[in-house]
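Chemist: Please find one structure pasted underneath; my questions will follow.
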Amino acid sequence: MSELGNILKEAREAKGLSLDELQSITKIQKRYLMGIEDGNYSIMPGKFYVRAFIKQYAEAVGLDPDQLFEQYKSEIPTTYNEELPEQLSRVQSRKSLSPETSKILNVLPKILIVIFIIGAVALVWYLIVKNAGDDSGQTANTNKSQPIVEEPAGSTNDPAANNTSESDAPAQEKTADEKPKPEPPAQELTVASNNGSNTVYELKNADRFVIKIVSLGQTWVGLSNGSGKSIFAETLVKGKNENRTEDLTAETEAVINIGRATETEIYVNDQKLEYAVSPQDDMTQLITIKFVK
Numbered sequence: 658m659s660e661l662g663n664i665l666k667e668a669r670e671a672k673g674l675s676l677d678e679l680q681s682i683t684k685i686q687k688r689y690l691m692g693i694e695d696g697n698y699s700i701m702p703g704k705f706y707v708r709a710f711i712k713q714y715a716e717a718v719g720l721d722p723d724q725l726f727e728q729y730k731s732e733i734p735t736t737y738n739e740e741l742p743e744q745l746s747r748v749q750s751r752k753s754l755s756p757e758t759s760k761i762l763n764v765l766p767k768i769l770i771v772i773f774i775i776g777a778v779a780l781v782w783y784l785i786v787k788n789a790g791d792d793s794g795q796t797a798n799t800n801k802s803q804p805i806v807e808e809p810a811g812s813t814n815d816p817a818a819n820n821t822s823e824s825d826a827p828a829q830e831k832t833a834d835e836k837p838k839p840e841p842p843a844q845e846l847t848v849a850s851n852n853g854s855n856t857v858y859e860l861k862n863a864d865r866f867v868i869k870i871v872s873l874g875q876t877w878v879g880l881s882n883g884s885g886k887s888i889f890a891e892t893l894v895k896g897k898n899e900n901r902t903e904d905l906t907a908e909t910e911a912v913i914n915i916g917r918a919t920e921t922e923i924y925v926n927d928q929k930l931e932y933a934v935s936p937q938d939d940m941t942q943l944i945t946i947k948f949v950k
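Using the working numbering, the first residue of the sequence shown is number 658, and each one after it goes up by one.
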């Protein structure tokens, strides 16, 4: 073991570092660290790395590498710089081009120039042919004479005569082109939801909202709008005040509270409302009609 290696080893052990731990810190292989401690520089990958590895080792164990280099310069190989030119010469030799590659690079610009000239000539030839074809087509169109149209005997260019013939056309031909107006969609009164005796209907495709309630005997009926404002609440009796009609077109919702559904009929814009729940099953019902304008 060399004196320098002994100092480095003592500093490592003083810090409580093993060679494996020092290898993890310096990223230097363990066998090279052991070579430094033993003074065996021959196992290094090259003399160029000796000084670098010693410097990293010293810094890792807290020693001044410059002081060590000065103190033990006789132990450290003085020819560690000799490999640098040698390595550089190897890199340059690898980068040098082979004769065949050099020939190809010399010829390549000439090939590209020839291809460019051929492409330019082809483009000029195409433009000349195209322009010549366009000029010949224009000349042919210019030299064409206008066709002479002979009018049949008895024909006239009088606008009045033409207007007379058009006015004599049957009215059926004019009306045939007129499209029939589409019929407005039929009113829809459908069940939107049902929960026990409470049923919600939706009124669609209608431009008015008129409700008529008819009593077939004696029934109590209450009518209010969507805001809860009461419109009427009374008992309807057949033969006396057996029906009640209200125009709710300005409203968006109507709520009808029926005391005896078996004796009550409801009409919406003259369309009879079909109970979602049979009046025989539930005589007291709450009907809500939403007017979808």
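All residues carry an ideal CB built from backbone N, CA and C; glycine is no exception.
Could you give the distance in angstroms between the alpha-carbon of V778 and the alpha-carbon of L762?
Modeler: Going by the C-alpha atoms only, they are around 26 Å apart.
Chemist: Could you tell me the distance, in whole angstroms, from the CA atom of I913 to the CA atom of K836?
Modeler: Cα-Cα distance, rounded: 43 Å.
Chemist: Give me the Cα-Cα distance between A717 and F710, rounded to the nearest whole angstrom.
Modeler: Distance between the alpha carbons of A717 and F710 is about 11 Å.
Chemist: Flag this pair as yes or no: are the beta carbons of V949 and T856 separated by less than 8 Å?
Modeler: Cβ atoms of V949 and T856: not closer than 8 Å.
Chemist: Rounding to the nearest angstrom, what Cα-Cα distance links Q844 and S872 in this structure?
Modeler: Their Cα atoms are separated by approximately 24 Å.
Chemist: Opposite W877 in the DSSP bridges: which residues?
Modeler: According to DSSP, which records beta bridges pairwise, W877 is partnered with T892.
Chemist: Express the C-alpha separation of E910 and I868 in angstroms, rounding to a whole number.
Modeler: Cα to Cα, the separation comes out at about 11 Å.
Chemist: Do I870 and L893 come within 8 Å of each other at the CB atom, strictly closer than that value?
Modeler: Cβ atoms of L893 and I870: closer than 8 Å.
Chemist: What is the residue span of the beta strand (DSSP E) that T683 lies within?
Modeler: No beta strand (DSSP E) contains T683, which is instead part of the alpha helix (DSSP H) from L676 to T683.
Chemist: Roughly how many angstroms separate the alpha carbons of Q937 and T945, rounded to a whole number?
Modeler: For Q937 and T945, the distance between alpha carbons rounds to 19 Å.
Chemist: What first and last residue would you give for the beta strand (DSSP E) that runs through K950?
Modeler: From DSSP, K950 is part of no beta strand (DSSP E); its letter is neither H nor E.
Chemist: Does DSSP put S850 in a helix, a strand or coil?
Modeler: Here S850 sits in strand by DSSP.
Chemist: Is it buried or exposed, A789, if we count other Cβ atoms within 10 angstroms and call 16 or more buried?
Modeler: Answer is exposed; the Cβ neighbour count stays below 16.
Chemist: Whole angstroms are fine: how far does the CA of E920 sit from the CA of L905?
Modeler: Roughly 23 Å between the two C-alpha positions.
Chemist: Excluding five sequence neighbours on each side, which residues of the same chain lie with their C-beta closer than 6 Å to the C-beta of V786?
Modeler: There are no such residues.
Chemist: DSSP on N926, reduced to helix/strand/coil?
Modeler: Residue state, collapsed to three classes: coil.
Chemist: For G662, count the other beta carbons within 10 Å of its own beta carbon; 16 or more makes it buried, fewer makes it exposed. Which is it?
Modeler: The residue is buried, with at least 16 neighbouring Cβ atoms inside 10 Å.
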